[in-house]
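What follows is one structure encoded as structure tokens, with my remarks underneath.
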Amino acid sequence: MITKDRTRYPLVAFFATTLTALLSTATQAAPAYQIDTLPIDITKPGTYKLSKSLSATGNAIQILSDDVEIDLAGYSITGPADDKVETLGIYSFGNNHGGCRS
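For the sequence shown, my numbering begins at 401 and goes up steadily by one.
Given below as structure tokens:
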């Protein structure tokens, strides 16, 4: 019985280490899609990152897909300074698992 326990622990440690390594590489973030012009319609899941402060005369970013993350990267989206014009910076309706960070 003692010999079985001695061989079991290194084997369990090996599998735990291998599984941890595989999971850590699988969860690395994919590169972000750069947003450098507006307006934009996002139709694919992923992370989208502003490359600079941008301005739009209408709706700036329309999200048409689930699993979309918007990273403003410290930049801003500006629009017209007209009270009579209704515009949206980021529009998403009915999508799941999305987010926005600055």
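Note that beta-carbon positions come from the ideal geometry of N, C-alpha and C, so glycine has one too.
Check                                                                                                                                       : Outcome
With distances taken from CA atoms, which of GLY446, PRO439, ALA473, THR443 is nearest GLY479?                                              : PRO439
If you reduce the DSSP assignment to three classes, tell me which class SER455 lands in.                                                    : strand
Would you decide whether SER476 is buried or exposed? Buried here means 16 or more other CB atoms lie within 10 Å of its CB.                : exposed
How would you write the range of the beta strand (DSSP E) that SER492 sits in, first residue to last?                                       : 490-492
Could you round the C-beta distance between ILE455 and GLN434 to whole angstroms and report it? I think they count as a contact, below 8 Å. : Ile is not the amino acid found at residue 455; the sequence shown has Ser there. Actually they are not in contact, since the Cβ atoms of SER455 and GLN434 sit about 17 Å apart, beyond 8 Å.
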